[in-house]
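J.: Taking the working numbering, the leading residue of the sequence shown gets -2, the next gets one more, and so forth.
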Amino acid sequence: KLRMDSTQIMSNIRERTRIQLLVEVLQRVHRMLDEQDQECYQKAFEPYLQGSAEQYIYHLEDGEYESQLKAIGQLMHQLVVELEAEYAEEPTYKMLERVFDEHFKGTEDDDDADPKSGDELSADSLQSPDDWEATYRQKRGEDYQGYVANITETCDPENDLQLIINVQVEPNTTDDAEMLAESLPELKERTDVEEAYTDGSYSSPEVDDAAEKYVSVQGMGVNGSKDGEGLFQLAASQASVR
-2 KLRMDSTQIM
8 SNIRERTRIQ
18 LLVEVLQRVH
28 RMLDEQDQEC
38 YQKAFEPYLQ
48 GSAEQYIYHL
58 EDGEYESQLK
68 AIGQLMHQLV
78 VELEAEYAEE
88 PTYKMLERVF
98 DEHFKGTEDD
108 DDADPKSGDE
118 LSADSLQSPD
128 DWEATYRQKR
138 GEDYQGYVAN
148 ITETCDPEND
158 LQLIINVQVE
168 PNTTDDAEML
178 AESLPELKER
188 TDVEEAYTDG
198 SYSSPEVDDA
208 AEKYVSVQGM
218 GVNGSKDGEG
228 LFQLAASQAS
238 VR
């Protein structure tokens, strides 16, 4: 018998507003440039090099947010196009290109760069220049930037002790059911597991298919089910589940 549950892992990054993130990316792009290019783009970068990204935000006047976001997008569009030949293989250029694609609607063929609305930003968009893989998730009203850890441990009441036997770490946009379906074949091979206990968030057609081949999965109830019947019906009498 095994049981499985997941938990959020926060990345060790600072919380940033959208403009703070974009300004910090611009500052790093400026540091990437050689001396000649820094001189060439001095006027364009000047508004963003007067202090930290936090200080830039502090000096914004009421009502300037949208216009400044637009200006940043136009500069990023210019840099993506003009720096490609010289800096395309640089990690900082790749970050600039990614952030522009994530936050603005312009392309290399457009002269404009309209900011995307907040609703259009993906949870997979860059959260920090220092952690490119961290993602955003809101769960039970809480905001998380980082990863999800999925833990599997033994839970047979007849065992003298219980062991953690598997740890999966993924971007926190990864569904619990996806991690369960991925881990079942290897868990079956290593442990000869017969029953796995989860909560309802691990329910999916892919899990149903994998469970038919490898293990009986017991849970708190199928997601969206009104009566709790089905593959993920809890069998509390069969194992001790925290």
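By construction, the Cβ of each residue, glycine as well, lies at the ideal position given by its N, Cα and C atoms.
Answer yes if the stretch 30 to 45 comes into contact with the stretch 144 to 152, meaning at least three C-beta pairs across the two stretches below 8 Å, and no otherwise.
T.: Contact between the stretch 144 to 152 and the stretch 30 to 45 is absent, because fewer than three Cβ pairs lie under 8 Å.
J.: What three-state label does DSSP hand arginine 239 in the structure shown?
T.: As a working note, residue 239 is residue 242 in the sequence shown. Low local confidence applies: a pLDDT of 33 at arginine 239 is under 50, so the model's placement there is unreliable, with the coordinate-based value given in what follows. In this structure, arginine 239 counts as coil in the three-state DSSP scheme.
J.: Tell me glutamate 99's beta-bridge partners as DSSP assigns them.
T.: For this step, residue 99 is matched to residue 102 along the sequence shown. Paired residues: none, contrary to the question.
J.: Can you find the residues in the same chain that come closer than 7 Å, C-beta to C-beta, to leucine 160, ignoring five residues on each side of it along the sequence?
T.: Here residue 160 refers to the residue found at position 163 of the sequence shown. Glu150 and Thr151.
J.: Give me, in chain order, the residues of the same chain whose beta-carbon lies closer than 6 Å to that of glutamate 226; leave out the 5 immediate sequence neighbours on both sides.
T.: Walking along the sequence shown from the start, residue 226 turns up at place 229. Bear in mind that a pLDDT of 35 at glutamate 226, under 50, signals an unreliable position, so the number given afterwards is only what the model happens to contain. There are no such residues.
J.: Does DSSP put arginine 134 in a helix, in a strand, or in coil?
T.: Locating residue 134 in the sequence shown gives position 137, counting from the first residue. Note: arginine 134 maps to strand in three-state DSSP.
J.: If we ignore side chains and look at the alpha-carbon of each, how far apart do serine 180 and alanine 50 end up?
T.: Sequence index remark: in the sequence shown, residue 180 carries index 183 (1-based). Sequence index remark: in the sequence shown, residue 50 carries index 53 (1-based). Their backbone Cα atoms lie some 42 Å apart in a straight line.
J.: Quick one: what's got a C-beta closer than 7 Å to glutamine 71's C-beta in the same chain, skipping five residues either side?
T.: The residue you call residue 71 lines up with position 74 of the sequence shown. Within the same chain, glutamine 71 has close Cβ partners Ala110.
J.: Would you kindly work out how many angstroms separate the C-alpha atoms of valine 214 and asparagine 169, rounded to a whole number?
T.: Looking up residue 214 in the sequence shown gives position 217. Looking up residue 169 in the sequence shown gives position 172. Using only the alpha carbons, I get a separation of about 23 Å.
J.: For the structure I just gave you, are there three or more beta carbon pairs, one from the stretch 49 to 69 and one from the stretch 12 to 27, closer than 8 Å?
T.: With the cut-off at 8 Å, the stretch 49 to 69 and the stretch 12 to 27 touch.
J.: Following the continuous alpha helix (DSSP H) through leucine 184, name the residue where it begins and the one where it ends.
T.: Residue 184 sits at position 187 when you count from the first residue of the sequence shown. Per DSSP, leucine 184 belongs to the alpha helix (DSSP H) from 173 to 188.
J.: For valine 166 versus tyrosine 199, is the C-beta distance shorter than 8 Å?
T.: Taking the sequence shown and counting its residues from 1, the one referred to as residue 166 is at position 169. Taking the sequence shown and counting its residues from 1, the one referred to as residue 199 is at position 202. No, the pair does not count as a contact, with Cβ atoms beyond the cut-off.
J.: With distances taken between CB atoms, is the gap from glutamate 87 to methionine 29 smaller than 8 Å?
T.: Numbered from 1 along the sequence shown, position 90 holds the residue referred to as residue 87. Numbered from 1 along the sequence shown, position 32 holds the residue referred to as residue 29. Yes, the Cβ-Cβ distance between glutamate 87 and methionine 29 is below 8 Å.
J.: Here's the rule I'm using: 16 or more other beta-carbon atoms within 10 Å means buried, otherwise exposed. How should glutamate 183 be labelled?
T.: As a first step, residue 183 must be located in the sequence shown, where it is residue number 186. That one is exposed.
J.: Under three-state DSSP, which class holds arginine 0?
T.: The count along the sequence shown starts at 1 and reaches residue 0 at position 3. In the structure shown, arginine 0 sits in a strand (DSSP, three-state: E or B).
J.: Between the alpha carbons of threonine 188 and glutamate 139, how many angstroms are there, rounded?
T.: Numbered from its first residue, the sequence shown carries residue 188 at position 191. Numbered from its first residue, the sequence shown carries residue 139 at position 142. In a straight line, the C-alpha of threonine 188 is about 35 Å away from that of glutamate 139.
J.: Take aspartate 127 and list the residues in its own chain whose beta-carbon comes closer than 7 Å to its own, dropping the five residues that flank it on each side.
T.: Taking the sequence shown and counting its residues from 1, the one referred to as residue 127 is at position 130. These residues qualify, in order along the chain: Ile10.
J.: Pull up the distance between the alpha-carbon of glutamate 81 and that of glutamine 75, whole angstroms please.
T.: What you label residue 81 is simply residue 84 of the sequence shown in a count that begins at 1. What you label residue 75 is simply residue 78 of the sequence shown in a count that begins at 1. Rounded to whole angstroms, glutamate 81 to glutamine 75 spans 10 Å at the Cα level.
J.: Using the three-state DSSP reduction, which class does threonine 195 fall into: helix, strand or coil?
T.: The count along the sequence shown starts at 1 and reaches residue 195 at position 198. Three-state DSSP puts threonine 195 in coil, outside helix and strand.
J.: Go through its chain and collect everything with a Cβ distance to lysine 113's Cβ below 7 Å, but skip five positions before and after it.
T.: On the sequence shown, residue 113 is found 116 positions in, with the first residue counted as 1. Result list for lysine 113: His100, Phe101 and Lys102, in chain order.
J.: Going by beta-carbon coordinates alone, are leucine -1 and alanine 178 separated by less than 8 Å?
T.: Translated into positions along the sequence shown, residue -1 becomes position 2. Translated into positions along the sequence shown, residue 178 becomes position 181. No, the pair does not count as a contact, with Cβ atoms beyond the cut-off.
J.: Closest by CA to glutamine 24, which one among Ser64, Thr89, Glu79 and Gly60?
T.: Translated into positions along the sequence shown, residue 24 becomes position 27. The residue with the shortest Cα to Cα distance from glutamine 24 is Thr89.
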